[in-house]
Amino acid sequence: MGHSTGSQCVLNYLSQPNPISTVAGFDEHLKHSPRLDVEGAIMQAPVSDREAIMLVLRDGFAGRSAEELKVIWSKAEDFARESIKSEPQSIDTMIPLWMTAPIYSNVPISVRRFLSLTSPDSPQSPGEDDMFSSDLPEEVLCNTFGMIAERGLLKSKLMVLMSGRDRAVPDWVDKEKLLSRWKAAANKSQLRPIWDEDHSGVIPGASHALSDPDQAEPRKWLASRILSYLNTLDSRGT
Numbered sequence: 009m010g011h012s013t014g015s016q017c018v019l020n021y022l023s024q025p026n027p028i029s030t031v032a033g034f035d036e037h038l039k040h041s042p043r044l045d046v047e048g049a050i051m052q053a054p055v056s057d058r059e060a061i062m063l064v065l066r067d068g069f070a071g072r073s074a075e076e077l078k079v080i081w082s083k084a085e086d087f088a089r090e091s092i093k094s095e096p097q098s099i100d101t102m103i104p105l106w107m108t109a110p111i112y113s114n115v116p117i118s119v120r121r122f123l124s125l126t127s128p129d130s131p132q133s134p135g136e137d138d139m140f141s142s143d144l145p146e147e148v149l150c151n152t153f154g155m156i157a158e159r160g161l162l163k164s165k166l167m168v169l170m171s172g173r174d175r176a177v178p179d180w181v182d183k184e185k186l187l188s189r190w191k192a193a194a195n196k197s198q199l200r201p202i203w204d205e206d207h208s209g210v211i212p213g214a215s216h217a218l219s220d221p222d223q224a225e226p227r228k229w230l231a232s233r234i235l236s237y238l239n240t241l242d243s244r245g246t
C-alpha cells in the first residue's frame, strides 16, 4: 500500500520491466534484481505534484502571492535545466534552497528529483514521477496502468482511492473522470481485468492524509474498504 508519493512506488513496482534493465543516470553501476509478485496492491491519495504546484502558482501559498512564486519558481526551473544541459553529471546537484523553500519548505531537492516531480515538459514528455496528472494522454497511461497485467506481478486486482477533499488536487480535476481513465488503461489488456471496481473510488470528505481532527468518518470508511479488499484476497486463498 502506498500513500501519496508512495502511490508512484506502487505503480512503478507493478508496471516497469522486471527486472529493470535501463541504466540509471544517477548510478551507472546500479543493478536491479527481479521483483517478487504481490498478493494485492493499494494506492491511497495518488496526486500529481505538477498539478499541485500549478495550483500554488495560480493561487499563491504561505503568504506569498502567485506572481512572486512564479518568478522564484521560474528561476528554479531554469537552474535545473541549465545544470543538466551544461553538465549531465550534475543531475544530483541541490537546487538553491531559496528557490524551492517557498513551496517545498526547507526540504533540499536535487535537480533530478525536481525535474521528475515538476515535469516541466509534461504532458507530452512527462517526468518519471508524473504519473497521475489529469492531462496525461492515453498512450502515457497505457505505459503505466496499462502494463500491470502484462508484467504479471499483481496476483489480484489494483485498489485505488482518492480523497474527496484533497487540497493537493486542483479544483479543475474531475476525480471520478480521472479514476475512470486509469481504470480503462488498467483494463485494456486482454489478459484479465486489473482494476478493483468494488473497492476503488473517492473517499467522501477525506483530506489528503486523513489526519485532520474532522477525519474520523473518512478514516472509518477507508479502514472498512481496505478490510473488505483484504478479505477478498483471503477468499482467493492468496
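In terms of the numbering used here, the sequence shown is residues 9 to 246.
Even glycine gets a Cβ: it sits at the ideal position worked out from N, Cα and C.
* Asked: Taking just the CA atoms, how far does Gln-223 sit from Tyr-112?
  -> 25 Å
* To do: Spatial neighbours of Lys-93 within its chain, please: CB distance less than 6 Å, with the 5 preceding and 5 following residues excluded, ordered by chain position.
  => none
* To do: Identify every residue that forms a DSSP beta bridge with Gly-10.
  => Met-51
* Nonlocal neighbours in the same chain, by C-beta distance under 7 Å from Cys-17, ignoring five residues either side -> Gly-10
* **Length of the line joining the Cα atoms of Leu-166 and Trp-203** => 5 Å
* Asked: Touching or not, the region 205-212 and the region 143-158, by the rule of three or more beta carbon pairs under 8 Å?
  -> no
* List the residues that DSSP assigns as beta-bridge partners of Trp-203. => Leu-166
* Asked: Is it right to say Ser-41 is buried, meaning 16 or more other beta carbons lie within 10 angstroms of its own, or is it exposed?
  -> exposed
* Would you kindly report the start and end of the unbroken beta strand (DSSP E) that includes Val-181? => Looking at the DSSP string, Val-181 is not in any beta strand (DSSP E), and its letter there is neither H nor E.
* Under 8 Å between C-beta atoms of Val-55 and Ser-12 -> yes
* Asked: From Pro-25 to Glu-76, what does the alpha carbon distance come to, in whole angstroms?
  -> 42 Å
* To do: Leaving aside the five residues before and after Ala-74 along the sequence, list all residues of the same chain whose C-beta is less than 7 Å from its C-beta, in chain order.
  => Leu-65, Arg-66, Asp-67 and Gly-68
* Starting from Val-64, trace the alpha helix (DSSP H) both ways and give me its first and last residue. => 57-67
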